[in-house]
Amino acid sequence: MKHNSNASGKVPSTEHAHRISTDVWPNETPLLSVKNLCVDYRTPSGLVHAVQRVSLSCFKGESLGLVGESGSGKSTLVLSVLRLLPRTKVIESGQAFFKGIDLMKSSQEEMSRIRWTALSIVFQQSMNSLSPVHKISEQIEDVYRVHQPEATKAEIRAKIYPLLEMVNLSPRILDLYPHELSGGMFQRINILLSLVHNPDLVVLDEATTALDVITQGQILDELNRLQEELGQTFIIVTHDISVIADLCKRIAVMYAGHIVEIGNVESVLVKPLHPYTCGLINSIPPLTKGRKKIVGIQGELPDLRQTFAGCPFEPRCTEAMEECKWKLPELKLVNVSDGELKTEDELRQGHFVACHKYLGEGL
Amino acid sequence: MIDMLGKPVVVQELRKWYPVRRSVLLSHGQQAFVKSVDDVSFFIEEGEVLGLIGESGCGKSTLSRVLLGLEKPTAGKILFKGEDISEMLKREPKSFRRKAQIVMQNPFDFLDPRETIERALSRALELHQIGSSAKERSEICLQGLEGIGLKPARSFLLRRPRELSGGQLQRICILRSMLLKPLLLVADEPVSMLDVSVRADVLNTLLDLSAENLTSILFVSHDISVTRYVSNRIAVMYLGRIVEIGNADDVVFSPAHPYTEALISNSPSPDPRNKRERITLSGEPPTPINPGPGCYFAPRCFRKTKECANLYPDCVDLGGGHLVWCFNPKN
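If you read the protein sequences in the order shown, they are chains A and B. Take 3 as the starting number for the first sequence in this note's numbering and just add one per residue. Take 21 as the starting number for the second sequence in this note's numbering and just add one per residue.
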């Protein structure tokens with residue numbers, strides 16, 4: 003056993019942790035790296051700070067889950083990175099590097115080239131993303147021809163058929179109209195559409211939320227298969243921790259526009275550190291174990307028009323200290339394993355938390 | 021047979037069929053029906069929570085509407101303490117309404133945005149002549165609010181719905197129904213619109229008030245872990261029929277019907293270490309237009325045998341009130 007101070011106290015220490023940050027690993031550049039992203043909405047009653055100085059990264063083959071309650075800024079974050087927010091309504095600052103390009107500085111033309119081919123998104127309201135008066139096949143062809151105008155019908159079909167099989171749809175649906183499809187089929191077509199140009203990264207924004215349990219289970223299985231067989235990378239935005247537990251390698255927990263905890267799924271969900279994450283996990287009734295009384299988190303989401311001097315979760319936190327009122331906690335690496343962090347693989351498991359309760363190394 | 025007449029809520033062979041326009045389905049000149057609720061029987065004990073789970077379109081909401089007297093059943097009976105509700109509705113509709121209350125999915129649509137919470141709560145009391153004066157009613161509201169942990173209660177009385185969060189509003193909706201001490205409360209997806217962190221308070225409020233007033237609750241949901249948390253017993257519905265009913269833990273831990281098995285294996289767990297093998301069902305639920313004659317689940321079933329296609333299975337009693345309608349139940 004190596005000498006470490008972890009045995010003494012309950013609070014995990016980071017004495018032996020290497021100085022690393024959430025977004026720079028040795029030897030590898032992340033697929034998407036967001037740095038200090040801020041998004042403010044202009045409203046008649048002032049600026050709403052929906053996303054505040056968020057930094058995170060997503061690596062190839064390692065799907066990232068973004069979890070938070072309504073108003074936590076999770077959707078705003080991904081929509082901003084995809085540059086889908088109306089320019090007149092928001093103020094954005096920060097950087098988002100995707101394959102070496104800063105998306106936040108890209109022109110509309112550059113963005114149109116990147117969308118679908120390198121970066122695509124699937125929304126929750128999938129029924130609204132298809133035209134009701136065109137056959138599915140026509141719509142898929144349309145999307146395909148945006149980036150490959152010369153493609154023939156036969157080429158497109160050759161590309162679509164394996165994908166149809168991937169998402170468990172029969173080729174029969176190509177001749178149907180959207181109203182003839184069920185919710186699950188809709189969502190499968192949207193996932194298929196997002197994959198037609200082999201993008202490096204697919205964002206799923208609450209993509210399985212509106213579906214029935216069994217359909218959701220099937221789609222989760224299909225997404226897992228896409229990850230295994232194609233090495234597809236996803237960013238999954240949801241309020242449902244279970245979906246992330248099923249699909250992702252890493253998870254980021256958002257609260258009031260801030261990332262409060264980020265790390266390996268097993269580490270964060272099994273040994274949550276931030277009081278908010280703990281509260282969130284404690285409010286889900288278990289299905290497998292014995293019954294225990296669940297408790298919610300007291301209070302409600304703060305008004306996002308204010309700028310936080312201290313921790314945004316402080317008013318609802320049961321473990322708040324004096325410091326929490328005036329000092330905004332930064333994300334820091336906390337060593338949750340017993341031994342020393344050493345290999346790159348172990349570094350990857352890095353578990354970061356923004357809470358004054360934990361001693362740790364800042365970025 | 022158990023003594024049904026003594027139970028507060030008894031449903032006997034209830035049917036709700038909606039006729040389909042003939043031009044839609046030409047089935048040899050015969051009238052086609054959407055069998056939303058088909059031959060459903062169950063009872064709820066005093067102060068008991070019966071969970072009802074199933075996919076969208078399985079008839080959960082139709083069943084709750086019929087129970088509340090909002091839809092007339094095509095056939096069958098609903099008895100409140102032995103009395104047929106269709107008789108009660110004819111004789112004294114108001115006293116029936118007091119006995120059967122509902123909590124809906126969206127609390128923001130349930131309360132008038134212009135009314136204060138006091139007005140919303142005391143109007144329910146006023147309509148049913150509970151409390152002799154405005155002052156007394158206000159006192160009842162105050163006590164109620166305090167009872168569900170909304171403190172200081174007096175400040176809540178004067179607020180309007182927009183000043184409250186979804187969780188608080190939903191608790192107020194539950195309180196308003198419960199102030200009438202109903203016999204039956206139907207809670208139709210009461211937490212599915214709410215954030216995870218406030219669901220617990222709403223569910224606990226529901227449980228506390230049900231125990232206090234001995235109200236029977238029908239808890240309709242598609243979320244199995246939430247249903248298991250609140251329910252004493254769980255009924256599983258598929259295409260208008262109950263396919264399995266029993267104690268919550270029996271149904272969740274040892275499901276006997278293949279459909280229940282599939283539902284439970286597909287409900288995701290927040291623990292990443294706990295990855296279960298999901299049972300995949302082929303296809304989507306078929307339409308409830310003239311299903312049968314065999315088991316409605318047979319086309320998607322992974323345990324089907326020859327007889328499943330020809331005959332709807334009879335009820336199999338697995339003991340302890342655990343009933344299943346299947347030819348090949350899992351033991």
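Glycine included, C-beta positions come from ideal geometry on N, C-alpha and C. Small disclaimer: the values here were computed from a predicted structure and weren't measured.
Counterpart residues of Ile162 of chain A in DSSP-defined beta bridges
Its beta-bridge partners do not exist; DSSP assigns none.
In the structure shown, what three-state DSSP assignment does Ser236 of chain B receive?
strand
Classify Val135 of chain A as buried or exposed, calling it buried when 16 or more other Cβ atoms lie within 10 Å of its own Cβ.
Counting other Cβ atoms within 10 Å of its Cβ, Val135 of chain A stays below 16 and is therefore classed as exposed.
Let me check one thing: in DSSP terms, what residues is Trp345 of chain B bridge-paired to?
B:Cys335
Inside the stretch 126–187 of chain A only - alpha helix (DSSP H) runs reaching at least 4 residues:
Taking only runs of at least 4 residues, the alpha helix (DSSP H) segments lying wholly in the stretch 126–187 of chain A are 138–149, 155–168.
With DSSP as the reference, label Cys78 of chain B as helix, strand or coil.
coil
Using three-state DSSP, classify Gly312 of chain B as helix, strand or coil.
coil
Are Ser81 of chain B and Val240 of chain B closer than 8 Å when you measure CB to CB?
Less than 8 Å separates the beta-carbon of Ser81 of chain B from that of Val240 of chain B.
Should the stretch 174–183 of chain A be called in touch with the stretch 204–215 of chain A, which here means at least 3 C-beta pairs below 8 Å?
no
From the beta carbon of Leu283 of chain B, is the nearest beta carbon of chain A less than 8 Å away?
yes
CB of Ser82 of chain A within 8 Å of CB of Leu39 of chain A, strictly:
Yes, they are a contact pair.
Exposed unless 16 or more other CB atoms sit within 10 angstroms - verdict on Gln121 of chain B:
buried
With 8 Å as the threshold, decide whether the Cβ of Val40 of chain B is near any Cβ in chain A.
No, because no Cβ of chain A sits closer than 8 Å to the Cβ of Val40 of chain B.
Scan the stretch 178–204 of chain B for residues whose Cβ lies nearer than 7 Å to a Cβ of chain A and list them as they occur along the chain.
Ser185
Restricting to Cα atoms, I'd like to know which of B:Val250, B:Arg248, B:Glu138 is closest to Leu195 of chain B.
Nearest option by C-alpha distance: B:Glu138.
Please return the same chain residues whose Cβ sits closer than 8 Å to the Cβ of Lys137 of chain A, not counting the five positions on each side in sequence.
Leu176, Asp177, Leu178, Tyr179
Under 8 Å Cβ-Cβ, which residues of chain A neighbour Thr300 of chain B?
Gly219, Gln220, Asp223
Alpha carbon to alpha carbon, how far is Val245 of chain A from Tyr146 of chain A? Give it in angstroms, no decimals.
Roughly 29 Å separates the two Cα atoms.
Neighbouring residues, chain B, relative to Gly298 of chain A (Cβ below 7 Å)
Ser217, Val218, Arg219, Ala220, Asp221, listed in chain order.
Spatial neighbours of Leu204 of chain B in its chain, beta-carbon cut-off 6 Å, leaving aside the 5 residues before and after
Val29, Ala120, Ser236
Measuring alpha carbon to alpha carbon, tell me which residue in A:Gln308, A:Arg307, A:Trp328 is nearest Glu316 of chain A.
A:Trp328
Starting from His242 of chain B, find everything on chain A with Cβ-Cβ shorter than 8 Å and list it in chain order.
Asp214, Val215
Between the stretch 262–281 of chain A and the stretch 256–276 of chain B, are three or more C-beta pairs nearer than 8 Å?
Short answer: they don't touch.
With three or more C-beta pairs closer than 8 Å as the rule, is the stretch 329–342 of chain B touching the stretch 281–295 of chain B?
no
Among B:Leu25, B:Cys346, B:Leu88, B:Leu145, which one has its Cα closest to the Cα of Val206 of chain B?
B:Leu88
What is the DSSP secondary structure of Lys36 of chain B, reduced to helix, strand or coil?
strand
Residues of the stretch 56–67 of chain A with Cβ closer than 8 Å to any Cβ of chain B, in chain order
none
Where does Cys60 of chain A fall in DSSP's three states?
strand
Residues in its own chain within less than 6 Å of Arg296 of chain B by CB, not counting five upstream and five downstream?
Ser285
Are the Cβ atoms of Ile244 of chain B and Ile73 of chain B separated by less than 8 Å?
For Ile244 of chain B and Ile73 of chain B, yes; Cβs fall inside 8 Å.
Let's test the definition: count the other Cβ atoms within 10 Å of the Cβ of Leu234 of chain B and tell me whether it reaches 16, buried, or not, exposed.
exposed
Give a single yes or no on whether Gly79 of chain B has its beta carbon closer than 7 Å to a heavy atom of the ligand ADP.
Because no ligand of any kind appears in the structure shown, any question about the ligand ADP cannot be addressed here.
I'd like the list of long-range same chain contacts for Asn348 of chain B, defined as Cβ closer than 7 Å, with 5 residues on each side in sequence excluded.
Take Asn348 of chain B, set aside five residues on each side of it, and the residues of its chain with a beta-carbon closer than 7 Å to its own are Arg323, Thr325, in chain order.
Give the secondary structure of Gly167 of chain B by DSSP, where H, G and I count as helix, E and B as strand, and everything else as coil.
Residue state, collapsed to three classes: helix.
Any C-beta of chain A within less than 7 Å: which residues of the stretch 239–265 of chain B qualify?
Those residues of the stretch 239–265 of chain B that come within reach of chain A (Cβ to Cβ, closer than 7 Å) are His242, Ile244, Ser245, Val246, Arg248, Tyr249.
Given Arg174 of chain B, which residues of its chain have a CB within under 7 Å of its CB, disregarding the five upstream and five downstream residues?
Closer than 7 Å at Cβ, skipping near neighbours: Leu162.
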